[in-house]
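Trainee: In terms of my numbering, the sequence shown is residues 4 to 119.
From the three backbone atoms N, C-alpha and C, an ideal C-beta is built for every residue, glycine too.
Since the structure is predicted, the reported quantities are computational estimates derived from the model, not experimental observations.
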Amino acid sequence: MKSRPRPARRPTLPTEPYGVALARAVAGVLRRGVAIAHQHRDYCGMGLVFDDGAYLYGSIYDGQMQEVAARFDTERDFVAWLAAQTDDALAGHEAPPFERDNQRLTRARLVAAIDE
Numbered sequence: 004m005k006s007r008p009r010p011a012r013r014p015t016l017p018t019e020p021y022g023v024a025l026a027r028a029v030a031g032v033l034r035r036g037v038a039i040a041h042q043h044r045d046y047c048g049m050g051l052v053f054d055d056g057a058y059l060y061g062s063i064y065d066g067q068m069q070e071v072a073a074r075f076d077t078e079r080d081f082v083a084w085l086a087a088q089t090d091d092a093l094a095g096h097e098a099p100p101f102e103r104d105n106q107r108l109t110r111a112r113l114v115a116a117i118d119e
């Protein structure tokens with residue numbers, strides 16, 4: 004009897020929380036009007052913007068926030084949420100296959116946005 008092939012395991016993504024210092028720095032970048040979002044045609048993954056006094060996390064299409072997944076009306080709430088996130092948590096494991104780990108937020112993207 005042949006055994007069934009095992010399903011491929013997804014690579015393990017970092018599970019270390021981003022922390023308060025990084026989250027505060029990201030909040031500052033967003034407040035200055037810098038969106039953390041890819042800017043190209045069609046699906047651009049997930050991103051962060053500060054709009055009309057609120058921090059928004061959601062899907063980006065054609066470089067613009069298309070669908071808000073989470074809204075934070077205070078910096079305190081946003082920082083608390085982002086500080087607890089990890090690359091693994093934001094990889095989109097629950098999303099349709101095309102969107103999983105596809106242009107998602109990562110520690111590297113957040114740090115790059117701060118360093119620009």
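1. For Leu25, report the span of its alpha helix (DSSP H) as first-last.
2. Could you tell me the distance, in whole angstroms, from the CA atom of Leu85 to the CA atom of Asp65?
3. With 16 as the cutoff for other CB atoms within 10 Å, does Val23 come out buried or exposed?
4. So Asp118 is in the alpha helix (DSSP H); what residue range does that whole segment cover?
5. Buried or exposed for Thr77, going by 16 or more other Cβ atoms inside 10 Å?
6. Candidates Leu16, Ala83 and Leu51: which alpha carbon is nearest Arg35's?
Mentor: Looking at the coordinates:
1. Val23 to Arg34
2. 24 angstroms
3. exposed
4. Arg110 to Asp118
5. exposed
6. Leu51
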